[in-house]
Amino acid sequence: MRVTPHRHSLRCARGGLLAAALTAIVSAGAAPDAQPAAVTVSAAVSLTDALTAVAERYGNEARGSVRFNFGASNTLARQIVNGAPADIFVSADEAQMDVVAAAGLLKDGTRFDLLTNQLAVVVPNDRPRTFKSVREIADPAFKRIAIGDPAAVPSGVYARQYLQQEGLWDAIAARVVPTSSVRAALAAVESGAADAAIVYRTDARVALRATVAWVVSADRGPRIRYPAAILKSADAAAAQRFLDYLRSDAAARIFERFGFARAAAPAAR
Numbered sequence: 029m030r031v032t033p034h035r036h037s038l039r040c041a042r043g044g045l046l047a048a049a050l051t052a053i054v055s056a057g058a059a060p061d062a063q064p065a066a067v068t069v070s071a072a073v074s075l076t077d078a079l080t081a082v083a084e085r086y087g088n089e090a091r092g093s094v095r096f097n098f099g100a101s102n103t104l105a106r107q108i109v110n111g112a113p114a115d116i117f118v119s120a121d122e123a124q125m126d127v128v129a130a131a132g133l134l135k136d137g138t139r140f141d142l143l144t145n146q147l148a149v150v151v152p153n154d155r156p157r158t159f160k161s162v163r164e165i166a167d168p169a170f171k172r173i174a175i176g177d178p179a180a181v182p183s184g185v186y187a188r189q190y191l192q193q194e195g196l197w198d199a200i201a202a203r204v205v206p207t208s209s210v211r212a213a214l215a216a217v218e219s220g221a222a223d224a225a226i227v228y229r230t231d232a233r234v235a236l237r238a239t240v241a242w243v244v245s246a247d248r249g250p251r252i253r254y255p256a257a258i259l260k261s262a263d264a265a266a267a268q269r270f271l272d273y274l275r276s277d278a279a280a281r282i283f284e285r286f287g288f289a290r291a292a293a294p295a296a297r
């Protein structure tokens, strides 16, 4: 398997450096001249590790190669609407997929909910803490709390909804540090620039210098869904092959390994 960077770059969150998107090709198996057409996938940055692993297996089975553009879903939606090339879009929320749908860019009948996730509060691992209640996030010790931009980034939108529901938003709003993506929020904690962050549970699992203080239960937290769809501009056959693979049991096992859950009874629309 090889991962080849392209023109866009994402400074690795684990190193504490931030940016909007990462483009890479994941390929394996047959020689390039025997490969089916490559598929270009714009996907939420929280899916970076899981989708890269799925694409590696896809390539190892000689099914084809996949080119990824990872970033905040709102950024990706804007890129697609502005003409950026993509065959498949996987968003971290329904609102950003709706943006692309409203522009008339989705292939009819291909949109469905692929995965679910949960929120988690993380803190630097040199200052570990386990919450007995999410209300502990209002502790004055947390002077800087990083979340994705609550006006645009899905993880931040979810976080604000949850904190408002719990009656905590007004208590911490002045300490919130908006970031460009969920991985940027995680990086802020890992670098020491923030005292806590609200990220996805799956991001917390891959953190190197952060530890989980609180996981929001699925029945208490926001309804987090990752919709996927093929774009009208796609190489339809190649895109459908990869989309079908994302819905397979083999892919589901990989997603589960990274902490995602398969969305129940996904319905195309």
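Counting from 29, one number per residue, gives the positions in the sequence shown under this note's numbering. All C-beta atoms, glycine included, are put in the ideal place defined by N, C-alpha and C. Model, not experiment: these values are computed from the prediction.
Leaving out five residues before and five after residue i in sequence, what residues of the same chain have Cβ atoms less than 7 Å from its Cβ?
i, result
"residue 203", "170, 171, 172, 173"
"residue 252", "144, 145, 146, 186"
"residue 265", "none"
Are the CB atoms of residue j and residue i within a distance shorter than 9 Å?
i, j, result
"residue 117", "residue 100", "no"
"residue 145", "residue 127", "no"
"residue 182", "residue 121", "yes"
"residue 282", "residue 78", "yes"
"residue 211", "residue 80", "no"
Note down the Cα distance separating residue i from residue j, rounded to an integer number of angstroms.
i, j, result
"residue 239", "residue 208", "21 Å"
"residue 167", "residue 91", "51 Å"
"residue 257", "residue 271", "8 Å"
"residue 194", "residue 248", "10 Å"
"residue 96", "residue 140", "19 Å"
"residue 190", "residue 179", "14 Å"
"residue 290", "residue 98", "20 Å"
"residue 65", "residue 226", "38 Å"
"residue 268", "residue 286", "24 Å"
"residue 109", "residue 277", "32 Å"
"residue 111", "residue 155", "44 Å"
"residue 262", "residue 74", "23 Å"
"residue 162", "residue 275", "34 Å"
"residue 52", "residue 192", "Since pLDDT at residue 52 reaches only 46, below the 50 mark, its modelled position is unreliable, and no value is offered."
"residue 55", "residue 89", "Annotation note: pLDDT 43 at residue 55 (below 50); position unreliable, coordinate value reported separately. Distance between the alpha carbons of residue 55 and residue 89 is about 10 Å."
"residue 160", "residue 142", "32 Å"
"residue 198", "residue 165", "12 Å"
"residue 250", "residue 184", "11 Å"
"residue 246", "residue 130", "29 Å"
"residue 107", "residue 222", "29 Å"
"residue 94", "residue 113", "13 Å"
"residue 196", "residue 224", "15 Å"
"residue 284", "residue 233", "12 Å"
Pop quiz: residue i and residue j are said to be a contact at Cβ under 8 Å. What is the actual Cβ separation, rounded to whole angstroms?
i, j, result
"residue 115", "residue 68", "5 Å"
"residue 147", "residue 187", "6 Å"
"residue 119", "residue 255", "6 Å"
"residue 213", "residue 176", "6 Å"
Considering just the uninterrupted stretch of the beta strand (DSSP E) at residue i, what are its terminal residues?
i, result
"residue 147", "147-152"
"residue 138", "Element bounds for residue 138: n/a, residue is neither H nor E."
"residue 243", "238-243"
"residue 117", "116-118"
"residue 72", "67-72"
"residue 256", "253-258"
"residue 175", "173-176"
Taking 6 Å as the limit between beta carbons, can you name the residues of its chain near residue i, skipping five residues before and five after?
i, result
"residue 157", "151, 241"
"residue 138", "257, 258"
"residue 229", "146, 148, 243, 287"
If I measure Cβ to Cβ from residue i and keep anything under 8 Å in the same chain, skipping five residues before and after, which residues do I get?
i, result
"residue 260", "132, 133, 134, 135"
"residue 273", "82, 86, 91, 279"
"residue 124", "101, 102, 104, 105, 182"
"residue 220", "152"
By the DSSP assignment, the alpha helix (DSSP H) with residue i in it spans what residues?
i, result
"residue 102", "101-109"
"residue 225", "First-last for residue 225: 224-228, but that is the beta strand (DSSP E), not the alpha helix (DSSP H)."
"residue 92", "That residue, residue 92, is in no alpha helix (DSSP H); it is neither H nor E in DSSP."
"residue 207", "Careful: residue 207 lies outside any alpha helix (DSSP H), inside the beta strand (DSSP E) at 204-207."
"residue 182", "182-193"
"residue 210", "210-218"
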